[in-house]
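Peer 1: Numbering (mature numbering (1 follows the signal peptide of the UniProt record, and there is no 0)), first residue to last: -19 to -1, 1 to 693. Cβ atoms here follow ideal geometry from the backbone N, Cα and C, with glycine treated the same way. Note that the structure is a prediction, hence the values are computed from the model and not measured.
1. With a threshold of 8 Å, are at least 3 pairs of Cβ atoms found where one atom belongs to the segment 227 to 238 and the other to the segment 282 to 290?
2. Considering only the beta carbon of each residue, do residue 215 and residue 314 sit closer than 9 Å?
3. Taking Cβ to Cβ, would you say residue 342 is nearer than 9 Å to residue 291?
4. Can you tell me which of 554, 555, 566 puts its alpha carbon nearest to the alpha carbon of residue 476?
5. Locate the alpha helix (DSSP H) running through residue 535, then write down its first and last residues.
6. When we look at the beta-carbon of residue 199 and count the other beta-carbons within 10 Å, is it buried (16 or more) or exposed?
7. Looking at the structure shown, is residue 386 part of a helix, part of a strand, or coil, going by DSSP?
8. Touch check for the segment 330 to 344 and the segment 381 to 400: three-plus C-beta pairs under 8 Å?
9. Given that a residue counts as buried once 16 or more other Cβ atoms are within 10 Å of its Cβ, and exposed if not, what is residue 105?
10. List the whole-angstrom C-beta distance separating residue 8 from residue 145, where the pair is believed to meet the contact cut-off of C-beta under 8 Å.
11. Work out the CA separation of residue 100 and residue 174 for me, nearest whole Å.
12. Based on Cα-Cα distance, which residue from 404, 51, 358 lies nearest to residue 697?
13. Would you mind working out which of 226, 574, 484, 298 sits nearest residue 548, comparing C-alpha positions?
14. In terms of residues, what are the limits of the beta strand (DSSP E) holding residue 51?
15. Going by DSSP, what residues sit across from residue 65 in a beta bridge?
16. Which same chain residues, not among the five before or five after residue 270, have their C-beta less than 7 Å away from its C-beta?
17. Note down, in chain order, each residue of its chain lying with its Cβ closer than 6 Å to the Cβ of residue 258, except the 5 sequence neighbours on either side.
18. Would DSSP call residue 501 helix, strand or coil?
19. Look at the Cβ atom of residue 371, then the Cβ atom of residue 392, and state whether they are nearer than 9 Å.
20. Below 8 Å, can you find three or more Cβ-Cβ pairs linking the segment 26 to 39 to the segment 154 to 171?
21. Using DSSP bridges, identify the partner residues of residue 11.
22. Measure from the alpha carbon of residue 116 to the alpha carbon of each residue in 560, 586, 533, 304, then state which is nearest.
23. Which one or two residues does DSSP pair with residue 164 in a beta bridge?
24. Per the DSSP calculation, residue 329 is bridged to which residue(s)?
25. State the beta-bridge partners of residue 359 as determined by DSSP.
26. Tell me which same chain residues have a C-beta within less than 6 Å of the C-beta of residue 308, skipping the five on either side of it?
27. Answer yes or no: do residue 42 and residue 103 have a C-beta to C-beta separation smaller than 9 Å?
28. Between which two residues does the beta strand (DSSP E) carrying residue 376 extend?
29. Just how far apart, CA to CA, sit residue 694 and residue 461?
30. Quick check: the segment 262 to 277 against the segment 176 to 193, are there 3 or more CB pairs under 8 Å?
31. So, do the segment 42 to 53 and the segment 80 to 96 have three or more beta carbon pairs nearer to each other than 8 Å?
32. Give every residue of the same chain whose Cβ lies closer than 8 Å to the Cβ of residue 539, excluding the five residues on either side of it in the sequence, and list them in chain order.
33. Among the candidates 217, 577, 479, 560, whose CA atom is the shortest distance from the CA of residue 536?
34. Return the chain-ordered list of same chain residues with a C-beta closer than 7 Å to the C-beta of residue 670, the five sequence neighbours on each side being excluded.
35. For residue 411 and residue 331, I'd like the C-alpha separation in whole angstroms.
36. Going by alpha carbons, who is nearest to residue 13 out of 151, 550, 168, 403?
Here it is, written out as structure tokens:
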């Protein structure tokens, strides 16, 4: 018996369906219709009072739109009047309710089922775009614009098209604030101020037709955005950039004849002129970095006014827009991401407007919306408040992109203010991808610097230059020699410092210790110079021979130093008079200075005789720095000794004069070396200035790019 159960279930279902969808004879309606033609849009509001005259329940009814209206229809919406709740509206097939040719039907599902002999009130709203026809088609600059409005698209426009019998109906047409030239009369008809009332009409049959024509003055701007490209670029660094490329056309009566700027400036009709000079665009309250430009550049005639909940942008084109004139411009701004981008882990949801408020009573013929997401986003799910056309996803490449940024593209035709609604785009994004571009920037610059470092150190000569290599090797050895020579000069001064301390403290034990330490240091330096001289014999015999002369002078100098140290011990022990020691000290100073000058002259001549720059023009200036340090250290020691002598032996003028003379001599030497050092530094700066500038520019560029991508 299973087939019998199935048959019974189908029978019950058929009965239920039949109880909710009745024929047009089971429903009667009373209608009040308001048609607003005071702007470029035709705004229609129809209030239905639905009565169920049948014996079955009803859960939906049919709303008719004339086929010519359907071609210019922007949207249809329905609400339950009692609770102001949106009702579902869907287009239905013509054959389902035997819809008459020339009409399009919409099914409106009621909020509650209407029981027999009960009533329900529904309000239907819809708008028609580019429905008003300018008449005449062309006018001069001084003429007004008249509108020739044919309501024949309703096929009996004085009556509300319906598949149901109409108990009572009334239509009110709101006129613009201008002259009424003519109208069609369908009795009863009345004109009261800025409105025309048709009806009430009693007991009208379905599809009743009474064509009407209204001819009135309408100077409101017939501005139409023919194409709008809206690009939303999302950055997870905290910013969302919005840019709109807009094409505007004034579709009112076209301008006949030439344009006169003088007549335009002297025209005192104000808002009644059929011309567009400016209009208001509303942006989000958090919009910043607003720009308004065209192909020429920035349009400075615009103005921004910050309101409580929006930002009002006064858009003033470069020239007034008469009928048939058009202009193009780009409008952009930034908004903070936290107001529109929501996240949970790696899941994100973007909620923004599909379109902004371009101007009052706006008409957009075609809108294309592109949503550019961060590179690496996937698993997209788009939810829109009304049907749109979604195109295949694309890729957008910009700075440091590798795989490209996904672009979600949707398109919609014939939009009005009703379509300023929010869309929701869900997607997934790995947060680690945020660091991809900064890492690529750092890696690219690091690789660039590495290539430069390697390049400057490569030798691209076809055959090696033996002479150059030998000269460079000798230069390195001579630089080492100058360093050792500077250290040896410091030790010479250490012996003199030990004698000065001995004279003050009379401590022979400390003197002996300092002397042995200085002799050990001198021995180590002598051994290092000897090893270096052995290497120079194989590479540059001339330098080795000159070093022999320096060594001879050094031996003689050490004899002088040892003799001076012995006399100092005898003086402390009382075996040598003060006058004799002073003469010996003066002779020692003179011989030591002569020896230093002779050794310095030989060392200086080593480089010049072999094409090597030794006079402080090496890359680091080590020799002169050490020589300068030695002189400064010696000066400091002498100043300290002078202070002690001045305090301890105020009456010893000869000692003070001697120290002052030595200080003056050493200061002159130091001054000369300092001048040489400065000349060397200037030459180095000139030689390396170009490379330094290059590195600084590259580093600044690197820092700028890193900061830029962090901000984005």
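Peer 2: So, from the listed chains and residues:
1. no
2. no
3. no
4. 566
5. 522 to 554
6. buried
7. strand
8. yes
9. buried
10. 5 Å
11. 34 Å
12. In the structure as shown, the chain begins at -19 and stops at 693. Residue 697 is therefore absent and cannot be evaluated.
13. 484
14. Where residue 51 is concerned, there is no enclosing beta strand (DSSP E), although the alpha helix (DSSP H) it sits in stretches over 48 to 52.
15. According to DSSP, residue 65 bridges with nothing at all.
16. 314, 315
17. 301
18. helix
19. yes
20. no
21. 30, 149
22. 304
23. 195
24. 324, 408
25. 409
26. 229, 298
27. yes
28. 375 to 377
29. Given a span of -19 to 693 for the chain in the structure shown, any question on residue 694 remains unanswerable.
30. no
31. yes
32. 503
33. 577
34. Confidence at residue 670 is low in this model, with a pLDDT of 47, below 50, so its placement is unreliable and the value that follows should be read with caution. Here the set comprises nothing.
35. 16 Å
36. 151
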